[in-house]
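Heads up, the thing below is written out as structure tokens.
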DNA sequence: TATTGTTATACTCTATAACTATA
DNA sequence: TATAGTTATAGAGTATAACAATA
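Residue numbers (our numbering), protein chains in the order written: chain A, 13 to 158; chain B, 13 to 158.
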């Protein structure tokens, strides 16, 4: 499909995959330094400005609710997040950051920026703007959050 | 750092992280459909054109050699890869794909391309070329492979 | 009956520590 | 002594199945 350039297409894809591995690698490493998995890091990121239910988190991350349940257990034991029964639906459980969890999240995301900035700074302001534009285009349908 | 545009920088970073999650998510899902973890997928990808030692794999992926050892065990039991004592250094073990493993790897990477292509195809040929260029720039120092 | 969340179970991933064999 | 790899162990991540409470 798309005449003339299957090889170039593959190279573009390889470059994208490589950058993706680099980015998630940095996230994983910084998470690990704080005893958090990549998934926990994502959950914490989501909880910065939301108070989702267990099932919402599971759907959003593409994981089973039992997986999220266990993950919350462990983070709750460490005092980083908490549960609250929903007022609307007594079956549902809302998850949110504790003050300690919020502090940790802020610290970690600051660190992430500091680590990934050098990668961005090889680009000029113009190039960064263009990259941003292109990333938004290819990212349009995967509901932009977390 | 870098006058005028800290907010825009953050948005660029967010877009990059989001695309990274999308890409690794697709890889994870396709891996899972074939009972392979993301790490195993990466190992298989490396083995397409190399015959590394256990320690080389571990270093490359930032994991402990014992982790790689177990991962090889499981894939070996399933007939996808094999070990061979090195002729140069009798302590070392080389890892390589079996024919079945090579077939599986080809099939999976074809599938990966098919799944990620739609994302690319929202861009014009020109835009794809520009994105490729920019990705290569920011990916320059993270030794380009796997 | 269907949905929300938890628990029990099992397997993989991961690191640390102790070990064997080779250098 | 140092290095390559394996094994034992333990904890976290993950999914499936069975369950209790609520809708």
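Cβ coordinates follow ideal geometry from the N, Cα and C atoms, glycine included.
Is there at least one Cβ from chain B nearer than 8 Å to residue i's Cβ?
i: residue 74 of chain A; result: yes
i: residue 156 of chain A; result: Its pLDDT being 38, under 50, residue 156 of chain A is placed unreliably in this model, and the coordinates cannot settle the point.
i: residue 159 of chain A; result: There is simply no residue 159 of chain A to check, as chain A begins at 13 and stops at 158 in what is shown.
i: residue 150 of chain A; result: yes
i: residue 140 of chain A; result: yes
i: residue 55 of chain A; result: no
i: residue 143 of chain A; result: yes
i: residue 160 of chain A; result: Chain A is shown only over 13 to 158; residue 160 of chain A falls outside these bounds and no answer can be derived.
Nearest CA to the CA of residue i: which residue from the options?
i: residue 139 of chain B; options: A:150, A:138 and A:131; result: A:150
i: residue 75 of chain B; options: B:90, B:34 and B:52; result: B:52
i: residue 96 of chain B; options: B:121, B:65, B:87 and B:42; result: B:65
i: residue 116 of chain A; options: A:147, A:55 and A:100; result: A:55
i: residue 93 of chain B; options: B:24, B:63, B:21 and B:33; result: B:63
i: residue 61 of chain A; options: A:124, A:134, A:110 and A:131; result: A:110
i: residue 59 of chain B; options: B:118, B:143 and B:133; result: B:118
i: residue 34 of chain A; options: A:88, A:127, A:87 and A:133; result: A:127
i: residue 80 of chain B; options: B:132, B:50, B:99 and B:124; result: B:50
i: residue 121 of chain A; options: A:43, A:106 and A:108; result: A:43
Can a CB atom of chain A be found closer than 8 Å to the CB of residue i?
i: residue 70 of chain B; result: no
i: residue 36 of chain B; result: yes
i: residue 14 of chain B; result: Per-residue confidence for residue 14 of chain B stands at a pLDDT of 44, beneath the threshold of 50, marking its modelled position as unreliable; the derived number appears in the next sentence. Taking Cβ atoms only, chain A reaches closer than 8 Å to residue 14 of chain B, which makes this a yes.
i: residue 127 of chain B; result: no
i: residue 21 of chain B; result: yes
i: residue 52 of chain B; result: no
i: residue 32 of chain B; result: yes
Around the C-beta of residue i, are 16 or more other C-beta atoms found within 10 angstroms, so that it is buried, or is it exposed?
i: residue 67 of chain A; result: exposed
i: residue 71 of chain A; result: exposed
i: residue 27 of chain B; result: buried
i: residue 112 of chain B; result: exposed
i: residue 57 of chain B; result: buried
i: residue 32 of chain B; result: buried
i: residue 25 of chain A; result: buried
i: residue 19 of chain A; result: exposed
I'd like the ranges of any beta strand (DSSP E) spanning at least 3 consecutive residues and lying wholly in the segment 59 to 118 of chain B.
93 to 97 and 105 to 109
Tell me the start and end of each unbroken alpha helix (DSSP H) in the segment 22 to 64 of chain B that is at least 4 residues and wholly inside, in chain order.
50 to 59
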